[in-house]
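Protein chains in written order, with the working numbering: chain A, 3 to 814; chain B, 713 to 824.
These notes concern the structure reproduced below.
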Amino acid sequence: MAEKLIVIGNGMAGCRAVEELLARAPGRYEIAIFGKEPELNYNRIMLSPVLAGEKSFDDIVINDAGWYERNAIVLHAGVEIVAIDKAARLAIDDRGGRHSYDRLLIATGSNPIMLPLPGADLAGVISFRDIADVRAMLAASTTGARAVVIGGGLLGLEAANGLRARGMAVSVVHLVDTLMERQLDEAASFLLKRELEARGIDVLTGASTECIVGDRGVRGVRLKDGRHIAADLVVMAVGIRANIALAKAAGLDCGRGVVVDDHMRTSDLSIFAVGECVEHGGQTYGLVAPLWEMCKAAADALAGIEARGYRGSAISTKLKVTGIDVFSAGQFGGGNDTEDIVFRDAAMGVYKRLILAGGRLVGAVLYGDTREGNWYFQLVKDATPIDSMRDSLIFGQALFAGSGQNPKSAVSALPDASEICGCNGVCKGTILRAIGEHDLKSVEDVRRKTKASSSCGSCTGLVEQLLVLSLGDDFVPGAATKPMCLCTTLTHDDVRRLILAKEMKSIPEAMQELDWTTPDGCGSCRPALNYYLLCAWPGEYVDDKQSRFINERAHANIQKDGTYSVVPRMWGGVTNPRELRAIADVADKFRIPTVKVTGGQRIDLLGVKKHDLPAVWADLNAAGLVSGHAYGKALRTVKTCVGSEWCRFGTQDSTAMGIRLEKMTWGSWMPHKFKMAVSGCPRNCAEATIKDFGVVATEAGWDLHVGGNGGMRVRATDLLCKVTTDEEAIEYCCAFIQLYREEARYLERTAPWIERVGLNHVKAKLVDAPQTRAALATRFLHSQKFFQVDPWAERAEKRRDRREFAQLMGTA
Amino acid sequence: MTPDRWIALGWLRDVPARGARRIVTADGPMAIFRTSDDRVFAVEDRCPHKGGPLSQGIVHDSAVTCPLHGWVIDLEKAAARDPDNGCIKSFAVRISAGVVEILLPRIKAAAE
Ligand code: SRM
Ligand SMILES: Cc1cc2nc3c(=O)[nH]c(=O)nc-3n(C[C@H](O)[C@H](O)[C@H](O)COP(=O)(O)OP(=O)(O)OC[C@H]3O[C@@H](n4cnc5c(N)ncnc54)[C@H](O)[C@@H]3O)c2cc1C
Ligand code: SF4
Ligand code: FES
Chain A
3 MAEKLIVIGN
13 GMAGCRAVEE
23 LLARAPGRYE
33 IAIFGKEPEL
43 NYNRIMLSPV
53 LAGEKSFDDI
63 VINDAGWYER
73 NAIVLHAGVE
83 IVAIDKAARL
93 AIDDRGGRHS
103 YDRLLIATGS
113 NPIMLPLPGA
123 DLAGVISFRD
133 IADVRAMLAA
143 STTGARAVVI
153 GGGLLGLEAA
163 NGLRARGMAV
173 SVVHLVDTLM
183 ERQLDEAASF
193 LLKRELEARG
203 IDVLTGASTE
213 CIVGDRGVRG
223 VRLKDGRHIA
233 ADLVVMAVGI
243 RANIALAKAA
253 GLDCGRGVVV
263 DDHMRTSDLS
273 IFAVGECVEH
283 GGQTYGLVAP
293 LWEMCKAAAD
303 ALAGIEARGY
313 RGSAISTKLK
323 VTGIDVFSAG
333 QFGGGNDTED
343 IVFRDAAMGV
353 YKRLILAGGR
363 LVGAVLYGDT
373 REGNWYFQLV
383 KDATPIDSMR
393 DSLIFGQALF
403 AGSGQNPKSA
413 VSALPDASEI
423 CGCNGVCKGT
433 ILRAIGEHDL
443 KSVEDVRRKT
453 KASSSCGSCT
463 GLVEQLLVLS
473 LGDDFVPGAA
483 TKPMCLCTTL
493 THDDVRRLIL
503 AKEMKSIPEA
513 MQELDWTTPD
523 GCGSCRPALN
533 YYLLCAWPGE
543 YVDDKQSRFI
553 NERAHANIQK
563 DGTYSVVPRM
573 WGGVTNPREL
583 RAIADVADKF
593 RIPTVKVTGG
603 QRIDLLGVKK
613 HDLPAVWADL
623 NAAGLVSGHA
633 YGKALRTVKT
643 CVGSEWCRFG
653 TQDSTAMGIR
663 LEKMTWGSWM
673 PHKFKMAVSG
683 CPRNCAEATI
693 KDFGVVATEA
703 GWDLHVGGNG
713 GMRVRATDLL
723 CKVTTDEEAI
733 EYCCAFIQLY
743 REEARYLERT
753 APWIERVGLN
763 HVKAKLVDAP
773 QTRAALATRF
783 LHSQKFFQVD
793 PWAERAEKRR
803 DRREFAQLMG
813 TA
Chain B
713 MTPDRWIALG
723 WLRDVPARGA
733 RRIVTADGPM
743 AIFRTSDDRV
753 FAVEDRCPHK
763 GGPLSQGIVH
773 DSAVTCPLHG
783 WVIDLEKAAA
793 RDPDNGCIKS
803 FAVRISAGVV
813 EILLPRIKAA
823 AE
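If you want it as structure tokens, here you go:
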């Protein structure tokens, strides 16, 4: 008589194991399958296309009723097994039926994780696991208009895409900054986000859900940061948990899943398990490829065939959203001595990253062009030595080396109308035409014919690239075009212009569009990119803390022993007893070893421990003291002298002017530090003529000086112009700072910048062109709306970046 | 013989990507780094140049730029990248259920 096999779970693994078993030992078992879902065996991974309307349920059924019949399998659809009696070898169903078995196969899959949020039990909150969920979503999509998907992993994004395809307004709320963070790196995730947004899906990353609101049905979702998103449907797709309740209650060994050996045997020799519910070698799996291998191993064991068994799986992932190609395989984290090969083609929207270790490919992330995904995956699985093909590996099996990377693609992709030379208003098309028509051969030629690059010269790099584009190898770029760093072939100036021309708004986007050769830049380009983006898109660009030098990240100056110094602002060098008392109290309370008057007319507290910083700031804030930005590529001090208020020689109120300038300009981020001074007469006690912007009073008004520098190479200022009113001085100050902010290279102070571009260039923009000056000043004041926030108060009171100032807590 | 011991240091989620956290241990300060692709490294928090706190530097691929004088320390090799020269002590590290753990060598653990 045939032995009895009972299978619990009519899902993908359960039925596949039966198929494999039938192929090996037909007729050996009398088989019964119990399935909680009242359905035939269907292809769960195709639920996404069903949701999106690309397939029907009938299309995705794997085994129809005829299959069960032909193989004499009894299907108990819609029947749940609620208990296993190991000793009696009985499976007990939810109607009290008792079914005896010789072998039991557990294939109960997993359950979607439902976050225990307030409101999670409202009608209209749905998971994405089975056909019933899809039907519920479809019902909601015809009536309701808006959906929120919680979770930006594979499932969540497929759900979002499907609902969007059904005409709903969809928002995705994802906890971390990177979509599909377990499969993708930052760069690929950025591209994915952009594509989803282009399809009209609102993607909120770094967003945490606080609760789901509604009365009887869902009305919306509230985020921790206070934002409210209206919703008629909420799909929770935050992960899965192996469904082990039954096995655990039966007393089988369980970890995160039902523990099995290489032959898929549980701790009870008559009971096997396959699929997402198992834990093998400490691993659980949430994809089908490993399940197929498990099913073979289980079938071998059940058929009594001696085989090597299951040894764990390498996994690869593909997102099933029509028109978006994303692939990831193997590891892109972990291991020592890994090395990256990165390929980007901004014009084609392609990003590829291969991870090598020990002469082998260990992982791959592909975006935009996933054709070679399976080949890479095979190389990973087989651990094929790749040294011989290393150079062309990135181009794939087809080996179309040569048609590869075009380093100038960012420039070639620019439309003809985009401006290359800002000073003279020359656009790309004009330059290309001139090169063609007049047979131009050098940057000098281009300058003469078109005036492009003839003024400040900062577009020289782009002009050279246009020459390369037109002339190919006949043109050899000059030495003037030094790349920003080893991560790119572009110069600082090129990068800035392209950020504006192509409206790039994040570091990953810029790196992608500009063909960066490293995955996330280096300590030199990252702060520069962060600044350029911040300057280009005030209020819009989200500052990247991890791309800032420690001083700007911690809002204090790091000292040689790892402690910090704290310098509060002292407006125009003026203080009062209350402020001084607060400083004294703070120094006592936090045992600050050194209190020193700086060369910038204010007081420095040196030797503060990092974890004390927020508390120190809180006390200083309480007395009205704010950050002095002594740590920043930012406005530092405005030194003043006593001026006409007290001094017998003073002609203007230099102290008041200094305070006014400082109150207007503090908080602004710059290419480098920026210092000002105001003297009340030409005796110049405030040393205004070695400052970035120096103001010296005369009988008639003010002399405005620019480009001074103390430090390593002393440079006295140039006289920019003379003005008669305070208002003019103020406008010039704003306009000059903005010109510097927009044109200077990162880490270039005003002195070398002016020496490079020439005083005449600066005068042309500020003195000779009142409209340009006014526009610059307006742009400066606009950006100040976003940057005049005391970073200390934000961290002391609002406790921003709390982790930055705390030690990592050991749990041991 | 005492076996090697894995010691839990803290939650991975508390270490920012492309960032680091500092932890003071009996052996002195240690820096836990996390790269953009979630690799984790543990090294002593002392630059081979003049002892700068590496945990405060900018993290890029699997390296950190020291905040004091800009040496670039390769975290995989636990050594300075060209043109500079010098090594640092590193520790085997793993992530277990979201917790960062380091391997304390046998002898050390035995002495505790
Ligand atoms: C505290 C202070 C010295 C003092 O005790 O007086 C100081 C301290 C430092 N200066 Fe300075 N400078 C200080 C006034 C100056 C001045 C004088 C001034 O501002 O009137 C100058 C010359 C004027 C100028 O900048 O043109 C000055 C020229 C420099 C330079 C050279 C800049 C240059 O362009 O050549 C550096 C190096 C750099 O920035 O790369 C520098 C760098 C530094 C750093 C930030 C070194 C560093 O990177 O860690 C020092 C930080 C100490 C700290 O943690 O607080 N410091 N430094 C002064 C703070 C002023 C303030 O209240 O904010
Ligand atoms: C929308 C979606 C898209 C996916 N896309 C992909 C993809 O692109 N690629 C990929 O590799 N994987 C994908 N997956 C994952 C893949 O579907 C699963 O890995 C696979 O279905 C797991 O198979 P399983 O048999 O272990 O579990 P399941 O297929 O879930 O089967 C388990 C079955 O057991 C039943 N059951 C549970 N307990 C009992 C009980 N006590 N009594 C009776 N019956 C019970 C359940 O009702 C269920 O029908 C996707 C999953 C979803 C939901
Ligand atoms: S002069 Fe040199 S030593 Fe003195 S504070 Fe400035 S940078 Fe430091
Ligand atoms: S101490 Fe690190 S570079 Fe000097």
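Every residue, glycine too, gets a C-beta built ideally from N, C-alpha and C.
Sequence-distant residues of its chain with Cβ nearer than 6 angstroms to residue i (five each side left out)
i: Arg46(A); result: Met14
i: Gln768(B); result: Pro779
i: Gly154(A); result: Val174, His176 and Leu181
i: Asp418(A); result: Lys430 and Gly431
i: Met659(A); result: Val680
i: Ser210(A); result: Leu177 and Lys226
Proximity winner among the options, relative to residue i (alpha-carbon distances)
i: Ala775(B); options: Trp718(B), Leu724(B) and Arg730(B); result: Arg730(B)
i: Arg107(A); options: Leu92(A), Pro118(A) and Leu117(A); result: The sequence shown places Leu at residue 107(A), not Arg. If we check each option's Cα against that of Leu107(A), Leu92(A) comes out closest.
i: Val150(A); options: Gly332(A), Ala141(A) and Asp204(A); result: Asp204(A)
i: Tyr533(A); options: Ser508(A), Thr519(A) and Gln790(A); result: Ser508(A)
i: Leu722(A); options: Val697(A), Val223(A) and Tyr633(A); result: Val697(A)
i: Asp1(A); options: Val215(A), Glu160(A), Gly463(A) and Ser444(A); result: Given a span of 3 to 814 for chain A in the structure shown, any question on residue 1(A) remains unanswerable.
i: Arg100(A); options: Leu225(A), Tyr748(A), Thr432(A) and Ala85(A); result: Ala85(A)
i: Val644(A); options: Leu248(A), Gln654(A) and Ala636(A); result: Gln654(A)
i: Gly361(A); options: Val382(A), Trp377(A) and Ala249(A); result: Val382(A)
i: Lys765(A); options: Tyr734(A), Ala795(A) and Ala746(A); result: Tyr734(A)
i: Leu321(A); options: Ala309(A), Ala731(A), Pro292(A) and Tyr369(A); result: Tyr369(A)
i: Gly121(A); options: Leu706(A), Tyr312(A), Gly216(A) and Met714(A); result: Gly216(A)
i: Gly288(A); options: Val708(A), Gly602(A), Leu156(A) and Val445(A); result: Leu156(A)
i: Asp831(A); options: Ala348(A), Gly325(A), Ala331(A) and Ala167(A); result: Given that chain A is displayed from residue 3 to residue 814, the structure contains no residue 831(A) and the question cannot be resolved.
i: Asn163(A); options: Asn711(A), Arg131(A), Gly98(A) and Glu197(A); result: Glu197(A)
i: His494(A); options: Leu535(A), Gln740(A) and Thr520(A); result: Leu535(A)
i: Ile343(A); options: Ile357(A), Tyr353(A) and Gln333(A); result: Ile357(A)
Residues near residue i in its chain [Cβ-Cβ closer than 7 angstroms; skip 5 each side]
i: Arg267(A); result: Phe274 and Ala303
i: Ile64(A); result: Cys17, Asn43, Tyr44 and Asn45
i: Ser808(B); result: none
i: Leu647(A); result: Checking the displayed sequence, the identity of residue 647(A) turns out to be Glu instead of Leu. Excluding residues within five positions, the ones whose Cβ falls inside 7 angstroms are Asp655 and Thr657.
Residue burial classification, residue i (beta-carbon count within 10 angstroms, cutoff 16)
i: Asp389(A); result: exposed
i: Asn797(B); result: exposed
i: Arg805(A); result: exposed
i: Ile307(A); result: exposed
i: Arg801(A); result: exposed
i: Val276(A); result: buried
i: Lys787(A); result: exposed
i: Pro616(A); result: buried
i: Gly404(A); result: A caution first: Gly404(A) carries a pLDDT of 34, below 50, which makes its placement in the model too unreliable to give a value.
i: Gly406(A); result: Since pLDDT at Gly406(A) reaches only 35, below the 50 mark, its modelled position is unreliable, and no value is offered.
i: Val544(A); result: exposed
i: Ser670(A); result: buried
Sheet register partners of residue i (DSSP bridge)
i: Leu608(A); result: Ser567(A) and Thr596(A)
i: Arg733(B); result: Ile744(B)
i: Tyr353(A); result: Arg346(A) and Tyr369(A)
i: Gly29(A); result: Answer by DSSP bridge pairing: none, since Gly29(A) is not bridged.
i: Pro387(A); result: Arg362(A)
i: Ala809(B); result: DSSP output for Ala809(B) lists no bridge partner at all.
i: His78(A); result: Phe36(A)
Own chain partners of residue i with C-beta closer than 8 angstroms, once the 5 adjacent residues on each side are dropped
i: Ala147(A); result: Met170, Ala171 and Asp234
i: Glu281(A); result: Ala244, Cys256, Gly257, Arg258, Gly259, Val260, Val261 and Val262
i: Gly722(B); result: Arg733, Ile735, Ile744, Val811 and Val812
Next item on the list: Output the residues surrounding ligand 4, defined as those with a CB atom closer than 5 angstroms to any ligand heavy atom, in chain order.
Entry: Cys759(B), His761(B), Lys762(B), Gly764(B), Cys778(B), Leu780(B), His781(B) and Trp783(B)
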